[in-house]
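Protein sequence lines correspond, in order, to chains A and B.
Under UniProt numbering, residues 1 to 480 are what the first sequence spells out, in order.
Under UniProt numbering, residues 1 to 765 are what the second sequence spells out, in order.
In this text, a Cβ means the ideal position worked out from N, Cα and C, and glycines have one as well.
These figures come from a predicted structure and were not determined experimentally.
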Amino acid sequence: METRNEIRFILNGQEVRRKGVRAAETLLDFLRLEQRMTGTKEGCAEGDCGACTVLVGRLSEGALVYEPVNACIRFLATVDGCHVVTVEHLRGADGSLHPVQRAMVEHHGSQCGFCTPGIVMALYALWMRVPEPSVTQIETALQGNLCRCTGYAPIIRAAQAVGAVGDPLEAERAAVKTRLEQLKDGARVAIEDGFLPGDLDDFAAVYADFPEATIVAGATDVGLWVTKFLRDIGPAIFIGHLDELRRIGKGAAGLLIGAGVSYEEALEEVSGAYPHLGPYLSRIAGWQVRGMGTIGGNIANGSPIGDMPPALIALGAQLVLRRGKTRREMPLEDYFIEYGEQDRHEGEFVEAVMLPVRAGEWIDAAYKVSKRRDEDISAVACGISIRLEGEVIAEARIAFGGMAGTPKRAEAAEAALVGEAFGEEAFDAAVEALALDFSPLTDWRASAEYRMTVARNLLRRFWAEEGAGEVAQLVREGQL
Amino acid sequence: MSGAPKGAAHQAVAHESAEKHVSGRADYTDDLVTPVGCLHAYLGGADVTHGLIMGMDLSAVEAAPGVLGVLTAVDIPGKNQISAVHAGDEPLFPEEMVEYHGQPLFAVVAETRDQARRAAALAEIEISPLPHVLSVGEAMESRLPHVTAPLKLQRGDARKALDAAPRRLAGRMEVGGQEHFYLEGQIALAIPGEDDEMVIHCSTQHPSEAQAIVADVLGVPANAVVVNVRRMGGGFGGKESQMNLFAAVAAMAARRFGRAVKLRPDRDQDMAITGKRHDFLGSYDVGFDDAGRIVGVEAELAARCGFSADLSGPVTDRACFHFDNAYYLPEVTITSRPMKTNTVSNTAFRGFGGPQGMLVGERVIEEIAYALGRDPLEIRRANFYREGADETPYHQKVEDNIIARVVDELEESADYQARRAAVLEHNAKGGIIRKGIALTPVKFGISFTATWYNQAGALIHIYKDGSVHLNHGGTEMGQGLNTKVAQVVSEALGVDLDRIKVTKTTTEKVPNTSATAASSGADLNGMAALDACETLKARLAGFLRESRGVEEVEFLPGRVRAGAEEIDWTALISEAYMARVQLSATGFYKTPKIHWDRDKGQGRPFFYFAYGAACSEVSVDTLTGEYMVERVDILHDVGRSLNPAVDLGQVEGAFAQGMGWLTTEELWWDEDGRLRTHAPSTYKIPLASDMPRDFRVKLAEWSENPERTIKRSKAVGEPPFMLAMCVLEALSMAVASVCDYAECPRLDAPATPERVLIAVERLRR
């Protein structure tokens with residue numbers, strides 16, 4: 001395979017070619033320190049505040065798609081073949097403000113102004129998709145942007161006021177797309193201490209050669225290894241650009257979700273097949289992180305909380321691992337051995353997650369409980385799926401995150417349900433049994449007592465909602 | 001009237017930097033072009049909470065790539081002391097003892113920030129640990145000292161009144177602290193000059209104090225140090241004294257290496273080593289009658305101050321001053337307990353102790369309501385300050401009381417009674433989701449209680465082309481101060497706002513300034529700027545009278561009328577310059593009427609009061625403790641608003657910040673004394689989706705400050721923060737519904753979903 005030794009991308013209106021990129025270089029440092037484009041701010045360097053939001057446009061299945069991205073944890077190497085748009089690009093050459101900027105001024109959407117460039121970029125990304133968004137859509141788009149001054153009210157008013165007017169940046173789109181198509185050469189890119197493989201097979205081959213390498217997909221976790229812990233991630237293999245990993249296959253067997261599929265990309269297909277996952281997915285992280293972070297990465301890194309695994313385990317997900325040309329499959333729950341240890345062999349990577357089609361009548365739910373409703377790591381995450389045969393619970397799959405060192409099935413609670421009539425009594429027994437399944441820890445997110453109480457009550461919630469037909473959780477109007 | 005200039009006072013104009021904010025062209029300190037050869041410093045800290053420093057091996061730090069050297073206490077040319085109140089208890093770098101986890105012990109200076117940051121982690125520091133005390137409760141049990149003298153406010157004989165009271169109850173409340181979470185972190189850039197000169201650009205609310213501290217640390221007079229700040233990316237009190245450390249270290253490093261030095265901690269270090277809102281443990285003993293009227297109260301407000309005094313004295317004083325909120329307390333004793341703990345030294349934060357004291361006071365009201373089975377609003381009304389019952393616990397009379405009108409209007413516009421009935425009806429049906437509603441008032445005293453702080457200066461130049469250059473001693477942190485002061489000048493001079501440029505705040509232009517704090521920015525600096533305008537206008541009028549031989553001179557928008565003649569502003573200025581009229585003037589202001597005798601606990605610490613009221617309705621999931629704030633109505637008093645758009649933004653933003661304080665913002669230290677909520681991933685301030693969907697905020701348009709403040713406006717920075725108290729009480733009501741309101745849930749703050757659920761479970765039993 002052909003190897004290229006420089007990364008190439010478009011920054012606002014200018015093409016950039018750069019040799020000798022190091023794996024740990026962030027897009028934000030490149031912008032602020034090297035380009036001296038200081039409109040993009042650093043607020044937290046961990047992808048939680050959104051002050052560094054820029055847009056990254058990339059070709060996806062032939063279309064040019066712009067996504068809001070946290071430049072602080074986006075590695076520079078990964079914008080190869082992309083169009084990076086910063087806040088500086090929105091204002092016209094004649095000094096005229098972009099419609100989104102104009103609305104923010106007219107509605108007094110900035111006070112101290114430090115979060116403002118990031119908010120403008122997030123709102124621009126939203127407006128490109130939905131020129132006249134609902135409040136829910138605005139709130140969802142701003143889940144990854146913190147403002148400490150305004151209380152958001154004027155920002156929401158601004159977002160509603162922009163309206164369906166023309167985008168001055170539309171004029172450059174065709175040329176940008178053409179140029180990005182030209183830049184997409186399918187070559188392997190070698191950087192100072194890592195690679196961007198040319199395709200999936202190339203990735204498998206490179207990783208077999210460098211099994212000690214750090215695999216970086218969305219970088220929403222690995223980014224923090226660099227910005228927070230000053231870790232060296234080289235050699236690194238970046239895989240976020242591999243189209244083959246970003247696909248969702250829909251077949252007779254079920255849904256096959258490529259390991260590089262981001263939360264955002266998964267939303268439509270996954271919530272189509274499993275409607276209960278729609279609202280759940282929209283509460284994972286903020287928009288920027290959902291656009292970058294991948295379901296495969298969330299699994300591969302083995303977080304004890306990992307928002308997705310409990311819900312996926314409950315659905316009977318199978319994990320597909322690959323090394324070179326060899327693949328193996330396992331139930332997702334078996335991948336997590338204990339805290340910090342997963343069943344992944346040297347040179348092996350997560351290739352996909354399979355959600356098999358299930359026989360019978362299933363009732364599914366997924367719950368997330370956190371200190372703050374949105375963009376917060378769960379205190380407790382939970383997936384519950386039960387299969388009924390008539391009035392009897394024939395099968396139960398219940399998994400929790402935040403309750404142990406790994407995402408884990410609640411086997412005693414499951415056993416208490418199976419074979420019992422679908423009724424409050426069975427769930428009372430499952431609630432009791434949960435003590436056998438878990439002894440959670442206390443930390444800054446929640447006390448052990450709270451975690452245990454909530455876990456029990458989530459089983460009660462399931463019965464209340466799915467069995468008794470009660471209103472048993474708060475739903476924000478307009479929510480998915 | 002011949003109209004007002006474009007952008008003059010009382011108009012809802014945009015923030016002066018709005019267009020720059022939205023296009024990324026507003027420069028913050030980290031965005032400034034640095035001089036060639038600029039170096040970067042980074043702080044290295046202790047990995048122990050309390051202990052004796054036995055030795056520091058910094059050889060690996062010095063040997064790291066790019067490092068030019070390290071700085072420790074021995075390298076300080078002047079005083080090793082940065083206490084904002086000159087308490088002598090806050091060394092820049094401690095030499096003997098570590099007093100909180102992460103306390104900076106040295107700085108490393110390198111070619112790049114990344115190099116300095118990596119090098120700082122390589123220090124080997126030997127510390128012999130000592131036992132540590134983290135919480136207020138433990139500090140009181142361990143009989144740790146006060147960091148500063150407590151305050152006692154007393155009127156009448158509370159003990160006697162309590163003993164004679166028909167009913168009596170006592171309780172305790174924990175009130176959590178709060179991280180400022182200014183989006184722009186602490187930062188300082190120091191540029192050495194000739195002789196002993198040093199120029200500092202930093203993100204500070206208090207340039208004159210930074211100047212004084214840097215001068216002390218460098219051992220040079222204040223006239224050698226210039227501190228500049230164009231704008232901050234948020235302050236909220238967190239940059240009143242907390243930037244001293246960063247400014248001093250950057251300056252020290254710049255002096256040592258003779259090159260510019262920038263110091264910017266990462267977010268985690270910023271949160272670990274800068275002070276926060278004080279958390280409090282409030283206790284109260286209250287006597288009342290069957291109508292809910294308070295007859296006597298004793299309260300103690302103990303605060304976690306951290307290892308040093310910093311601003312804890314005035315903060316805990318202000319807690320005492322605001323325990324009464326809007327209520328007359330006939331016989332009362334309120335005492336503060338500023339407790340020393342082995343934590344970072346707590347500091348100013350919007351409200352400055354007032355919110356904590358007020359919240360405990362409102363808990364007393366809530367308790368009485370539950371004890372009597374009444375709507376807390378009735379108890380509030382029964383106790384409002386009123387004619388003949390208008391003396392505060394600090395013996396100042398409340399002369400401008402409008403709380404009853406504000407509350408009445410809000411009760412009506414928010415449809416409180418009908419909605420409360422609906423909430424009660426909803427809860428009566430049982431079910432998992434419960435609702436709560438509460439309406440709470442705010443009365444907040446305006447003025448620094450350190451009386452000498454209530455002064456300000458301004459400097460105005462009119463250039464030959466008629467454009468105006470405005471400088472004042474206040475700092476812009478997003479609150480719109482520059483906009484408001486410029487609007488005052490616009491109106492006074494009759495010049496359109498776009499001809500007035502407010503430039504960076506600098507100690508070179510206005511000396512000896514007070515912190516931009518205590519909501520006082522526009523009150524003080526607006527008046528000082530107006531004073532300068534009056535001087536300039538008097539000179540121009542004098543010139544016209546003399547040159548035109550007329551008596552009557554009137555300043556109109558864009559022009560001046562002298563007798564029958566109208567002269568365009570630009571022409572006038574040009575003519576005045578040619579006639580050698582001085583076109584530059586300083587202005588000065590000091591707040592009248594105020595005085596305060598702290599030893600006696602008597603005086604008039606506040607020039608006036610700002611008022612407001614808010615009503616919140618919430619829903620609570622009693623299985624998980626999760627909640628949503630569904631609707632909020634606010635009526636707030638800003639007097640005659642200098643800028644209704646800016647003021648509305650302050651009210652909305654303060655409410656959100658107050659709501660965060662009382663709900664999801666939780667500071668959590670582990671047993672070893674490490675702050676574990678030190679970044680936005682773990683410390684949760686409100687998001688857009690936490691805001692009420694139905695958010696109705698109004699300014700009390702009829703209000704006008706009876707005192708002669710700038711254009712009869714009122715301060716707005718802090719008072720609306722406390723409007724959020726109704727959120728806590730509404731949550732409390734939803735919780736109490738599970739026991740049919742038989743008991744006050746005594747929900748501590750912040751009421752995280754965990755605290756709410758635990759209260760629900762407790763009341764169910």
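#### Entry: Cross-chain neighbours of Q154/B in chain A, by beta carbon under 9 Å
Correct list: empty, because the minimum Cβ distance to chain A is about 38 Å.
### Message
According to DSSP, simplified to helix, strand and coil, what is M691/B?
### Response
coil
#### Entry: Buried or exposed by the 16-neighbour rule on C-beta atoms within 10 Å, applied to M104/A
By the 10 Å Cβ count, M104/A comes out buried.
### Message
With a threshold of 8 Å on Cβ separation, who are the neighbours of A64/B within its own chain once the five nearest residues in sequence on each side are excluded?
### Response
V108, A110, Q115, R118, A119 and L122
### Query
Taking one C-beta from the segment 360-373 of chain B and one from the segment 283-291 of chain B each time, how about it: are there three or more such pairs within less than 8 Å?
yes
### Query
Of all the CB atoms in chain B, is at least one closer than 7 Å to the CB of K371/A?
Judged by the 7 Å Cβ criterion, K371/A is in contact with chain B.
### Task
Note down, in chain order, each residue of its chain lying with its Cβ closer than 6 Å to the Cβ of R4/A, except the 5 sequence neighbours on either side.
A187 and V189
### Task
Quick one: list the residues of chain A neighbouring S689/B, beta-carbon separation under 8 Å, in chain order.
E139, T140, L142, Q143, R373, D374 and R476
### Message
With a threshold of 7 Å between beta-carbons, can H21/B be considered close to chain A, or not?
### Response
yes
### Query
Nearest chain A C-beta to R277/B closer than 7 Å, yes or no?
no
### Message
With H, G and I counted as helix, E and B as strand and the rest as coil, what does DSSP make of M1/B?
### Response
For M1/B, the predicted structure reports a pLDDT of 42, less than 50, and the residue's modelled location is therefore unreliable. A value from the coordinates is still provided. Here M1/B sits in coil by DSSP.
### Query
Can you name the residues that DSSP bridges to Q318/A?
Bridge partners of Q318/A: P331/A and M354/A.
### Query
Any beta-carbon of chain B closer than 7 Å to the one on D167/A?
no
### Query
Can you give, in chain order, each stretch of the beta strand (DSSP E) that sits fully within the segment 193-225 of chain A and has at least 3 residues?
194-196 and 214-216
### Message
Runs of 4 residues minimum, wholly inside the segment 71-123 of chain A: which ones carry the alpha helix (DSSP H) assignment?
### Response
99-106
### Query
Is it buried or exposed for L196/A, if we count other Cβ within 10 angstroms and need 16 for buried?
buried
#### Entry: Enclosing beta strand (DSSP E) for W155/B [first to last residue]
According to the sequence shown, residue 155/B is Arg rather than Trp. Unbroken beta strand (DSSP E) run through R155/B: K152 to R155.
### Residues of the segment 167-183 of chain B with Cβ closer than 9 Å to any Cβ of chain C, in chain order
Looking for chain C here will not work: the only protein chains present are A and B.
### Task
Could you confirm whether any beta carbon from chain B is found closer than 7 Å to the beta carbon of C44/A?
yes
### Query
Under 7 Å between C-beta atoms, does L623/B make it to chain A?
yes
#### Entry: Within the segment 576-654 of chain B, ranges of the beta strand (DSSP E) (whole runs, at least 3 residues)
584-590, 595-597, 602-604, 608-621 and 627-636
### Query
Between the C-alpha atoms of A404/B and P592/B, what's the straight-line distance to the nearest angstrom?
27 Å
### Query
Around the Cβ of A326/A, are there at least 16 other Cβ atoms within 10 angstroms (buried) or fewer (exposed)?
With the sequence shown as reference, residue 326/A is identified as Thr, and Ala is not the correct amino acid for it. The residue in question, T326/A, is exposed, as its Cβ has fewer than 16 Cβ neighbours within 10 Å.
### Task
Quick one: grab the DSSP three-state call for G703/B.
The sequence as given places Ser at residue 703/B; Gly does not occur at that position. Coil, per DSSP.
### Run of the alpha helix (DSSP H) containing L757/B, from where it starts to where it stops
P753 to R764
### Task
Would you mind sorting A164/B into buried or exposed? The rule is 16 or more other CB atoms within 10 Å of its CB.
Counting every other CB atom within 10 Å of its CB across the protein chains shown gives A164/B a total below 16, marking it as exposed.
### Query
When we look at the beta-carbon of G166/A and count the other beta-carbons within 10 Å, is it buried (16 or more) or exposed?
exposed
### Task
Closer than 6 Å by C-beta to Y416/B: which residues in its own chain qualify, once you throw out the five before and the five after it? Chain order, please.
L439 and C615
### Query
Who are H345/A's beta bridge partners in DSSP?
Partner(s): none; H345/A has no beta bridge.
### Query
Can you round the beta-carbon distance between V87/A and T40/A to whole angstroms, since I take them to be within the 8 Å contact cut?
6 Å
### Message
So A515/B and Q205/B are supposed to be a Cβ contact under 8 Å. How far apart are they, rounded?
### Response
5 Å
### Task
Enumerate, from N- to C-terminal direction, the unbroken beta strand (DSSP E) stretches of 3 or more residues contained entirely within the segment 530-579 of chain B.
553-556, 559-562 and 565-568
#### Entry: Interface positions of the segment 85-101 of chain B facing chain A (Cβ-Cβ less than 9 Å), listed along the chain
none
### Task
Out of S378/A, V206/A and I239/A, state which residue places its alpha-carbon closest to the alpha-carbon of A219/A.
I239/A
### Message
Quick check: the Cα distance between A215/B and A224/B, rounded to an integer number of angstroms?
### Response
7 Å
### Where M403/A sits in the DSSP three-state scheme
coil
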